[in-house]
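Undergrad: Quick one: the structure is below, and I'll ask about it shortly.
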Amino acid sequence: MKDTFREASHLVRLVVVLAVAIVAFLGLRGAVVPKDFGQYGHYRPGALEDSRAKPIVFAGQQDCVVCHEDQAKARDSGRHARITCEACHGPQAKHVEDPSNKPKLPQVSAICTNCHEKDVAKPKWLPQQVTKDHANGMECNSCHKPHAPKMG
Amino acid sequence: MPATRRELLEHATRFIVMSGAAAAAFDAMQGTVSADAATTNDYKMADHWWGMTIDVERCIGCGNCVRACAKENNVPEGYFRTWVERYQVGEDMERPEVDSPKGAMEGFPPSDKKDIKAFFIPKLCNHCSDSPCVQVCPVGATFVSPDGVVLVDQSYCIGCRYCVQACPYGCRFIHPETQVAEKCTLCYHRITKGLTTACCEACPTQARKLADLKDPKDAVHEFLRNNTVQVLKPQMATKSKTYYKGLDGSVR
Amino acid sequence: MHEMNPAVQGFMYPNEVELQWSVLIVLYPYITGLVAGAFILASLERVFRVEAVKPTYRLALLTALAFLLVAPLPLQLHLGHPERSLEMYLTPHSTSAMAMFGFVYLWYLMVVLLLEIYLDYRADIVRMAGESTGLKRLIYRALTLGSYNMSAASRRIDDRVGYIVTVIGIPSAFLLHGYVGFIFGSIKANPWWSTPLMPIVFLFSAMVSGIAAVLLIYMVTYRLKGLAIEMSCLDTIAKYLFYAFVIDFSLEMLDLIHRIYEADESFKSLDFMVHTHLYVPHIVLQIGLGTIVPLVILALTQIMTLEERWRRRLYVVAASLTLVGIFAMRWNVVIGGQLFSKSFLGYTSYKMEFATREGLLTAIVLMLLPFAILAVLVKLLPPWVSKQQAEA
């Protein structure tokens, strides 16, 4: 047995080299992998925080109505009652942060036709028009009130 | 009068931000930074299980969700975290005519086809709880969060694109600048702060609604109970959490 | 999207328009396949005692090593963040077929291939450590690990351990390449890839390509060195190439017939693709020129008694076409699997770039690199067997 061991000394050396490599790898692994990796699953829990940390761009309806009560009331009475302000006015988180940062008024023609231009795939309950037949070149809001759109 | 309200709001916001920062600083001093990331801002991951419901008959194909998503999440041009498809289906269900020009970023060119079944299908990451994309990620850079959202760790992803191949719905892409996998995060930065997603916020018809399946008061339970509901490609068995009401059999 | 992108036909999900995996990912299974095939050929001699292929034993091992060293490079070059690739070893995801690559690769490289080569060459290394000079001497001395024991007992141990390593090596080679097939075969989202046959098809095509490559390398290197080529060796290799090819072809046809007969939801889409975008690489190159022609040639050499001169020429033609065919097969799997929409309603095409990180030029360099490595390896560890040695 002892003889076999001596005759295989070159293989023993090989095993030692391999063992050193494995130990070095495990050491590196311990040093480099984030300590909390795997806390919730096979990932870095910090990634959850990273995802949460992104800035908010759309403020959300509840922030709009804090100041713009009058428009909100007008909206509530019409058929656009459930459409949020930012659906047409665009993202306003910057405006909420700094009210002096005034948003631009939306471009009426494009805003209205996005929803109301006639299309075969649009559901029947939605009022639709072929703009060029219907508007005669006029802007929608010369007849319709976007905040409470009944004819008037 | 509005000015006072604005000021009040500002003060309130500032106070909240300041106290949050103070608390964070205190935690840092104590050496317990986000000891439980789950509970910051009173948000407990264990109390939520997020998904989305989509009412196909309410979608009008305006593209508001696509635009809102792009603005909220800085989505690079030509790639989509959400998009809308228009289906025009004749009698051959297997050959629907489908289009989604620029993902419906600019809506759709009007179609005046007659005598055809037609509808819009909004798409987004299905936030599957058995996600094939998560399964194949070699390093653990993408995962289902404890509150049920499929997320990508931007600082860990190696950009091998295996997850993009594994998603049956085409929801993932590689960001052309950061070179890491990107996808819908269900606006994780919003929903964990009590807001809805940007797409839902901007949807004029409430065709899409954020759903918290762990909240007993959420309307999703009634929605699932009272409607004929389907997920996309159910044969993929991914446990998708994006539920469609009124989904036609021709939809892929 | 298709309004803007002329490459798209019909409807694709908007994010699908960009192809994810380029020609470099075609090289990856191709190169790994050559490794596995070359190794399996080498082990024929060692484990199954096929004496006739002895002249190629060492050459096949070195070929396998040269290609194995290059195998991870296309992957590395393809990554969006190559600097993070170590994560694959640090936090491997147990459910990911790709994550296991690192470990299978290391196992195969360190435990199987390097060890087998080391054991086989140890006597030569010790001898050359004494004979050579300069840098070479230094390298050989390092390789001896400081042990110059050349006793009969130690040689017996080497032989015994070498045998065991080869026996472990065969399933390892199967694992190495079968698992590459699994990377594709396990993607349920993609019907072109998703089949349990994929790992087996990959395995046999690997054997085919590896055997063909060693056959050619044997003929070319011995011609260059002015050494005599053993005809019995060539005939035997060609015979094994033929056998492996018959199995490979049967498996591929089984897969094809199964798809046609089952005709599931993806069938029309895939069928259209094979008849249009993939017609040349699939029907013409892979099945026609790359499989049927070499199979017929090899069959002819088996059933007819041809002159040596003619057999030799036919083997070169058959082996060369085989390598083209297997490359086309890898291409059709990797690229073909990305040309159709997962909605089954549309198609895109792949435009290969030239002088970019994932372009044709890179691919060519990566394909030449193993030969450069092999040239160095044969200088360091000569695999040549002269006629007398072979008979001894």
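Residue numbers (this note's numbering), protein chains in the order written: chain E, 1 to 152; chain F, 153 to 404; chain Z, 405 to 796. We put the beta carbon where it would ideally sit given N, CA and C, even for glycine.
CA-CA distance, residue 98 (chain E) and residue 104 (chain E)?
TA: Cα to Cα, residue 98 (chain E) sits roughly 14 Å from residue 104 (chain E).
Undergrad: Would you mind telling me which residues of chain E sit closer than 9 Å to residue 341 (chain F), beta carbon to beta carbon, in chain order?
TA: Chain E residues near residue 341 (chain F): 51, 52, 53, 54, 55, 56.
Undergrad: Can you list the residues of chain Z that residue 268 (chain F) reaches, using a CB-CB cut of under 9 Å?
TA: Ordered by position in chain Z, no residue passes the 9 Å Cβ test against residue 268 (chain F), which lies about 16 Å from the chain.
Undergrad: Report the CB separation of residue 738 (chain Z) from residue 429 (chain Z) in whole angstroms; it is logged as a contact under 8 Å.
TA: Yes, residue 738 (chain Z) and residue 429 (chain Z) are in contact; Cβ-Cβ is about 5 Å, under 8 Å.
Undergrad: If distances are taken between C-alpha atoms only, which option among Z:664, Z:670, Z:650 comes closest to residue 700 (chain Z)?
TA: For the residues Z:664, Z:670, Z:650, the minimum Cα distance to residue 700 (chain Z) belongs to Z:650.
Undergrad: Using DSSP with H/G/I as helix, E/B as strand and the rest coil, what is residue 696 (chain Z)?
TA: It is helical.
Undergrad: Write down every uninterrupted run of the alpha helix (DSSP H) in the stretch 629-717 of chain Z whose length is 4 residues or greater and which is fully enclosed by it, in chain order.
TA: Taking only runs of at least 4 residues, the alpha helix (DSSP H) segments lying wholly in the stretch 629-717 of chain Z are 635-666, 671-679, 697-707.
Undergrad: With DSSP as the reference, label residue 549 (chain Z) as helix, strand or coil.
TA: Coil.
Undergrad: Secondary structure at residue 242 (chain F), three-state DSSP: helix, strand or coil?
TA: It is coil, neither helix nor strand.
Undergrad: Applying the 10 Å Cβ sphere with the 16-neighbour rule, what's the burial state of residue 19 (chain E)?
TA: Looking at its Cβ environment, which holds fewer than 16 other Cβ atoms inside 10 Å, residue 19 (chain E) is exposed.
Undergrad: Please classify residue 516 (chain Z): is it buried, with 16 or more other beta-carbons within 10 angstroms of its beta-carbon, or exposed?
TA: Buried, by the Cβ-count rule.
Undergrad: Return no unless some Cβ of chain E is closer than 7 Å to the Cβ of residue 212 (chain F).
TA: So, interface residue.
Undergrad: According to DSSP, is residue 771 (chain Z) helix, strand or coil?
TA: Helix.
Undergrad: Which first and last residues belong to the beta strand (DSSP E) in which residue 363 (chain F) is found?
TA: Where residue 363 (chain F) is concerned, the enclosing beta strand (DSSP E) stretches over 360-364.
Undergrad: With the cut-off set at 7 Å, would you say residue 539 (chain Z) and residue 565 (chain Z) are in Cβ contact?
TA: No, the pair does not count as a contact, with Cβ atoms beyond the cut-off.
Undergrad: Out of Z:589, Z:772, Z:610, state which residue places its alpha-carbon closest to the alpha-carbon of residue 600 (chain Z).
TA: For the residues Z:589, Z:772, Z:610, the minimum Cα distance to residue 600 (chain Z) belongs to Z:589.
Undergrad: Where are the alpha helix (DSSP H) runs, 4 residues long or more, that stay fully inside the stretch 432-515 of chain Z, in chain order?
TA: Entirely contained in the stretch 432-515 of chain Z, the alpha helix (DSSP H) runs reaching 4 residues are, in chain order, 461-474, 476-482, 491-494, 503-510.
Undergrad: Our contact map puts residue 393 (chain F) next to residue 203 (chain F) with C-beta atoms below 8 Å; I'd like the distance itself, whole angstroms only.
TA: The Cβ separation is near 3 Å, so the contact holds.
Undergrad: Any beta-carbon of chain Z closer than 7 Å to the one on residue 255 (chain F)?
TA: Judged by the 7 Å Cβ criterion, residue 255 (chain F) is in contact with chain Z.
Undergrad: Taking only three categories from DSSP, how would you classify residue 528 (chain Z)?
TA: Residue 528 (chain Z): helix per DSSP, three-state reduction.
Undergrad: Buried or exposed for residue 143 (chain E), please, with buried defined as at least 16 other CB atoms from any protein chain shown within 10 angstroms of its CB.
TA: Exposed.
Undergrad: Express the C-alpha separation of residue 607 (chain Z) and residue 304 (chain F) in angstroms, rounding to a whole number.
TA: Taking the straight line joining both Cα atoms gives about 34 Å.
Undergrad: Starting from residue 755 (chain Z), find everything on chain F with Cβ-Cβ shorter than 9 Å and list it in chain order.
TA: Here the premise fails: no neighbours, minimum Cβ distance about 16 Å.
Undergrad: Looking at the secondary structure, which residues open and close the alpha helix (DSSP H) in which residue 98 (chain E) lies?
TA: That residue, residue 98 (chain E), is in no alpha helix (DSSP H); it is neither H nor E in DSSP.
Undergrad: Would you say residue 733 (chain Z) and residue 609 (chain Z) are within 7 Å of each other, going by their C-beta atoms?
TA: Yes; because the gap between Cβ atoms is below 7 Å, this pair is in contact.
Undergrad: Would residue 238 (chain F) pass as an interface residue toward chain E - the criterion being a Cβ-Cβ separation below 7 Å?
TA: It does: the Cβ of residue 238 (chain F) has a partner Cβ on chain E nearer than 7 Å.
Undergrad: Got a sec: is the Cβ-Cβ distance from residue 338 (chain F) to anything in chain E below 7 Å?
TA: With 7 Å as the cut-off, residue 338 (chain F) does not count as an interface residue toward chain E.
Undergrad: Any C-beta of chain F within less than 7 Å: which residues of the stretch 96-119 of chain E qualify?
TA: Result list: 99, 114, 115, 117, 118, 119.
Undergrad: For the putative contact between residue 117 (chain E) and residue 128 (chain E), defined by C-beta atoms under 8 Å, what is the C-beta separation to the nearest angstrom?
TA: Between residue 128 (chain E) and residue 117 (chain E) the Cβ distance is about 7 Å, and since that is below 8 Å, they are a contact.
Undergrad: Could you please give the first and the last residue of the uninterrupted beta strand (DSSP E) stretch that includes residue 397 (chain F)?
TA: Where residue 397 (chain F) is concerned, the enclosing beta strand (DSSP E) stretches over 394-397.
Undergrad: Taking any Cβ of chain F, which residues in the stretch 733-747 of chain Z have a Cβ under 9 Å from it, in chain order?
TA: Listed by position along the chain: 741, 742, 745, 746, 747.
Undergrad: Is it buried or exposed for residue 580 (chain Z), if we count other Cβ within 10 angstroms and need 16 for buried?
TA: Its Cβ being crowded by 16 or more others within 10 Å, residue 580 (chain Z) is buried.
Undergrad: Taking only the alpha-carbon atoms, compute the straight-line gap between residue 492 (chain Z) and residue 30 (chain E) and give it to the nearest angstrom.
TA: If I take the Cα positions, the gap works out to 14 Å.
Undergrad: Can residue 166 (chain E) and residue 212 (chain F) be called in contact, C-beta distance under 7 Å?
TA: Lying outside 1 to 152, the shown extent of chain E, residue 166 (chain E) is not represented and no answer is given.
Undergrad: Please confirm if residue 385 (chain F) has its CB atom under 7 Å from at least one CB of chain E.
TA: Cβ-Cβ to chain E under 7 Å: no for residue 385 (chain F).
Undergrad: Could you give the uninterrupted runs of the beta strand (DSSP E) lying entirely in the stretch 235-301 of chain F, keeping only those of 3 residues or more?
TA: Whole beta strand (DSSP E) segments, 3+ residues: 249-251, 269-276, 294-296.
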